[in-house]
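J.: This is the structure I want to talk about, given as structure tokens.
Protein chains in written order, with our numbering: chain A, 1 to 653; chain B, 1 to 182.
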């Protein structure tokens, strides 16, 4: 066997603390190694050419590159050796940067360790087998989860690109958080005026099929071929008959149902259409409050409905959709005020959250756009905004910044002055984070043109005194404690992962961080990809995000799907598990441990039961190989023999 | 106001001393002011507690240890409860008071007198004996008639003789050990 070793300087990253010349000299003496050299940047074009030429010149049949992490450049070099005529799996990478040069300062020890790393790679590469991928067809339909602004953007871009889109939304109407906002920063254009037309486009697009009031029940399959079971939750109304006239909502005698759309600013009816521009404009019964469903007495809506659409017996329905890729745009949630007992924990009616204030400002909201104190309906004159209400607060487990609060508080302060000219707004802040285009100017306008008083300090406590709320805070620039008598207090409550985010991630086999936000494949270079092929991210599901960023990500995810679907066939990764059916005893432990359900039992002609790997589903994680008691199941390219040879070479030195 | 000259040593030394005394890492404080915002005694302080924290961060040892605030702090722990950075601010104030005591910086003499009267009583009886504390404090501080008007009211609840408890000697030993510590 003829192995070539290429040691990379990576500029000074490796050469600074590893004697690359000595490493090349020493590794040239290893068994099977016939050529060893070092180069400034092996990944560069001339660096790769050097590998190709050496393969021809020295007649090499195996290649080892000692450089950075395989996560960075393994694919680069696999392509290089393939172009020179070798099987792409006749290549190994020794990570002498992250594992050696970056972490040790002693040049001699580092060099010795680098030589050992190369020796291990050589022991592996001489045992590598040629592997070949197989091609399979792609189903060119895409599933978008969540119909907020990010998901709608993804759906529209995919549909405009000619793909069939399945859009699943868990609430009865699409639009997400943006549909609830009044105006948007920094341009103060009306939120529903710019979102409404997009919602109509989604509803009318020939390539988009919408499942509103639906959730993902189960996901099976792999990139190119997913089977998704969707639970269509029962609205207790036959939506094919409902005309959205709203008669039922007017006549419903239950007037104290919690209004999910308005975040409880005012009560709603048990049967309701969430807002005037709702799409689909269909009525939904909230079973928790419905007298007919809870007590079996009422049925007023069924009597008044001229379309005869009400059906209290209507069950949940399931549909299975086959798609080739999935875009997850499931949005975000907000912390419960109960986590903030020092601000009343939700006990004081005149201490509300930012999103509730949006609904008070909104012309189609419960107060028709008149700002009123929830306690007595009077117009507040002194309004205190508290930023970081839960955000950047390690003590309640939210160490991160919620990203958009600084901006929406400035916007709300401006709108407050527009609505009530003789009002005074106070904003307690720790930092003003206004990094977007035109954002800082906007927060200055709130202070300079609209007279909002910004106070740098946190608020320790809010308590009622007569009809007022006393806000106790600090002005750290002054070095003093301050108090404000407020008529209304607005808390910029922290953004969290959407409720149920973790459960959805587990169905999708994607990772999420400690706070429940989905983890992208690379924070800079692969921001909308996940580590599961065919699953992409958009919007605040990945982390708190404002509208421009969510729309940008929505389009980016759509572009990724369109690129994936530009081919008719996909190639499978051959580095997957394979069963030696002669050695398999049929215990089927692997079937139970496989996190991807990629192993099934198979009956041979003689009647013996053995395990069998479904090639397209296996992700090559290797859990099965460590479970198998007789070594019958082996992960290709990482077999026991290959890995033990590496370990032996290290132990025998 | 004076100009404070910041250098690496002054910035680190005092904070390290506080960390060794209390175990609290004051570098985590991002000066949000929530401790000051909740402090019920701020109006009596010469410096609000968030500024005391800043003094530690900026190495202003003299100013912090000579402040009245560290003596006036009632250790109600509102600051510790509210701190988003999970710093036990009240413990830091306590640590500063301990250092000030050892260095004989008694900015608030009466409070020192009270503490000593309290500890002496504790040393003698293993628990406090209110009448003794009142007597010691009033005599030593020279405020002979402090709170005398409350006398008739509290007499109903005060005991005229100290109650003795088990482990009295152990308590005395703890206090002795603290007093001898440098």
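Every residue gets a Cβ at the ideal spot worked out from N, C-alpha and C, and that includes glycine. All values derive from a computational prediction rather than experimental measurement.
For a quick check, are the C-beta atoms of residue 565/A and residue 140/A less than 8 Å apart?
T.: For the purposes of this step, residue 565/A is identified with residue 565 of the first chain, where counting begins at 1. For the purposes of this step, residue 140/A is identified with residue 140 of the first chain, where counting begins at 1. Their beta carbons are under 8 Å apart, which means residue 565/A touches residue 140/A by this criterion.
J.: Within a Cβ cutoff of 6 Å, which residues of the same chain sit near residue 191/A, ignoring the five residues on either side of it in sequence?
T.: As a first step, residue 191/A is located in the first chain; it is residue number 191 there, counting from the start. Contacts found: 178, 181, 184.
J.: With 7 Å as the C-beta to C-beta threshold (strictly closer), list the residues of the stretch 375-403 of chain A near chain B in chain order.
T.: Answer in chain order: 392, 393, 394, 395.
J.: Let me see if you follow: with CB-CB separation under 8 Å, is residue 68/B close to chain A or not?
T.: Taking the first residue of the second chain as 1, we reach residue 68/B at position 68. No, its Cβ sits nowhere closer than 8 Å to a Cβ of chain A.
J.: Can you name the residues of chain B whose CB is closer than 8 Å to the CB of residue 691/A?
T.: Residue 691/A lies beyond the stretch modelled for chain A, which goes from 1 to 653, so this question has no answer here.
J.: Determine whether the Cβ of residue 472/A lies closer than 8 Å to any Cβ atom of chain B.
T.: Counting from 1 along the first chain, the entry for residue 472/A is found at position 472. True, the Cβ-Cβ gap to chain B drops below 8 Å.
J.: Would you be able to state if there are at least three C-beta pairs under 8 Å between the stretch 318-333 of chain A and the stretch 480-494 of chain A?
T.: Verdict: no, contact absent.
J.: Does the pairing of the stretch 139-157 of chain A with the stretch 223-243 of chain A give three or more beta-carbon distances under 8 Å?
T.: Output reads yes: the stretch 223-243 of chain A touches the stretch 139-157 of chain A.
J.: What does residue 480/A reach in chain B if we use C-beta pairs closer than 7 Å?
T.: As a working mapping, residue 480/A is identified with position 480 in the first chain. Per Cβ cutoff of 7 Å: 48.
J.: Are residue 427/A and residue 452/A touching if we call contact CB-CB under 8 Å?
T.: Within the first chain, residue 427/A is the residue found at index 427, counting from 1. Within the first chain, residue 452/A is the residue found at index 452, counting from 1. Closer than 8 Å, so yes.
J.: When you compare only the Cα positions, how much space is there between residue 164/A and residue 205/A?
T.: As a position in the first chain, residue 164/A is number 164, starting the count at 1. As a position in the first chain, residue 205/A is number 205, starting the count at 1. In a straight line, the C-alpha of residue 164/A is about 10 Å away from that of residue 205/A.
J.: Can you check which of these residues, 251/A, 642/A, 421/A, 111/A, is closest to residue 300/A by C-alpha distance?
T.: Counted from its first residue, the first chain places residue 300/A at position 300. Residue 300/A has its Cα closest to that of 251/A, out of 251/A, 642/A, 421/A, 111/A.
J.: So, does the CB of residue 37/B fall closer than 8 Å to a CB anywhere in chain A?
T.: Walking along the second chain from the start, residue 37/B turns up at place 37. Answer yes: the Cβ-Cβ gap between residue 37/B and chain A drops below 8 Å somewhere.
J.: Could you give the distance in angstroms between the alpha-carbon of residue 202/A and the alpha-carbon of residue 302/A?
T.: For this step, residue 202/A is matched to residue 202 along the first chain. For this step, residue 302/A is matched to residue 302 along the first chain. The alpha-carbon atoms of residue 202/A and residue 302/A are separated by roughly 30 Å.
J.: If we count the other Cβ atoms within 10 Å of its Cβ and call it buried at 16 or more, is residue 62/B buried or exposed?
T.: Position 62 of the second chain, counting from 1, holds the residue named residue 62/B. So residue 62/B ends up on the exposed side.
J.: Report yes or no: do three or more beta-carbon pairs, one from the stretch 89-105 of chain B and one from the stretch 120-138 of chain B, lie closer than 8 Å?
T.: Cβ pair count under 8 Å is below three, so no.
J.: List, in chain order, every chain A residue whose beta-carbon is nearer than 8 Å to that of residue 51/B.
T.: If you number the second chain from 1, residue 51/B lands on position 51. Here the neighbours are 479.
J.: Please list the partners that residue 188/B has in chain A, where partner means a Cβ-to-Cβ separation under 7 Å.
T.: Any answer about residue 188/B is impossible in this case: the structure gives chain B only from 1 up to 182.
J.: How about the stretch 11-27 of chain B and the stretch 51-58 of chain B: do they share at least three Cβ pairs that are nearer than 8 Å?
T.: They touch, by the three-pair rule.
J.: In the DSSP assignment, what are the bridge partners of residue 57/A?
T.: Start at 1 with the first residue of the first chain, and residue 57/A comes out as number 57. Residue 57/A is not bridged to any residue.
J.: What are the residues of the stretch 82-109 of chain B that lie near chain A, defined by any Cβ-Cβ distance shorter than 9 Å?
T.: So the list reads 82, 83, 84, 85, 86, given in the order they occur along the chain.
J.: On the three-pair Cβ rule with 8 Å, is the stretch 442-452 of chain A touching the stretch 414-429 of chain A?
T.: Cβ pair count under 8 Å is three or more, so yes.
J.: Identify the residues that DSSP records as bridge partners of residue 199/A: which are they?
T.: Start at 1 with the first residue of the first chain, and residue 199/A comes out as number 199. Looking at the DSSP assignment, residue 199/A forms no beta bridge with any residue, so it has no partner.
J.: Quick one: complete beta strand (DSSP E) runs, 3+ long, within the stretch 21-86 of chain A?
T.: Runs found: 33-39, 62-67.
J.: With DSSP as the reference, label residue 66/B as helix, strand or coil.
T.: In the second chain, counting from the first residue as 1, residue 66/B sits at position 66. In the structure shown, residue 66/B sits in coil (DSSP, three-state: anything other than H, G, I, E or B).
J.: Please report the straight-line C-alpha distance between residue 93/B and residue 295/A, rounded to a whole angstrom.
T.: To locate residue 93/B, count along the second chain from 1; it is residue 93. To locate residue 295/A, count along the first chain from 1; it is residue 295. C-alpha separation (whole angstroms): 60 Å.
J.: Could you tell me which uninterrupted alpha helix (DSSP H) segments, each at least 4 residues in length, are contained entirely in the stretch 169-238 of chain A, listed from first to last along the chain?
T.: Complete alpha helix (DSSP H) runs here, min 4: 191-204.
J.: Shortest alpha-carbon distance to residue 391/A belongs to which of 516/A, 492/A, 136/A, 275/A?
T.: Here residue 391/A refers to the residue found at position 391 of the first chain. Taking only the C-alpha atoms, the option nearest residue 391/A is 492/A.
J.: Taking just the CA atoms, how far does residue 123/A sit from residue 49/A?
T.: What you label residue 49/A is simply residue 49 of the first chain in a count that begins at 1. What you label residue 123/A is simply residue 123 of the first chain in a count that begins at 1. Rounded to whole angstroms, residue 49/A to residue 123/A spans 25 Å at the Cα level.
J.: Helix, strand or coil, according to DSSP, for residue 131/A in the structure here?
T.: Here residue 131/A refers to the residue found at position 131 when the first chain is read from its first residue. Residue 131/A falls in the coil class under three-state DSSP.
J.: In chain order, what residues of the stretch 11-33 of chain B put their CB closer than 9 Å to some CB of chain A?
T.: Flagged, chain order: 28, 30, 31, 32, 33.
J.: Buried or exposed, going by whether 16 or more other CB atoms sit within 10 Å of the CB of residue 338/A?
T.: Locating residue 338/A in the first chain gives position 338, where the first residue counts as 1. With fewer than 16 other Cβ atoms within 10 Å, it is exposed.
J.: Does residue 461/A come within less than 8 Å of chain C when only Cβ atoms are used?
T.: Of the protein chains in this structure, namely A and B, none is chain C.
J.: I need the boundaries of the beta strand (DSSP E) containing residue 434/A, first residue and last residue.
T.: By one-based count along the first chain, residue 434/A stands at place 434. From DSSP, residue 434/A is part of no beta strand (DSSP E); its letter is neither H nor E.
J.: Does any residue of chain B have a CB that is nearer than 8 Å to the CB of residue 458/A?
T.: Translated into the one-based positions of the first chain, residue 458/A becomes position 458. Taking Cβ atoms only, chain B reaches closer than 8 Å to residue 458/A, which makes this a yes.
J.: What's the call for residue 674/A, buried or exposed, on a 16-neighbour Cβ count within 10 Å?
T.: Here chain A comprises residues numbered 1 to 653, so residue 674/A is not present and cannot be evaluated.
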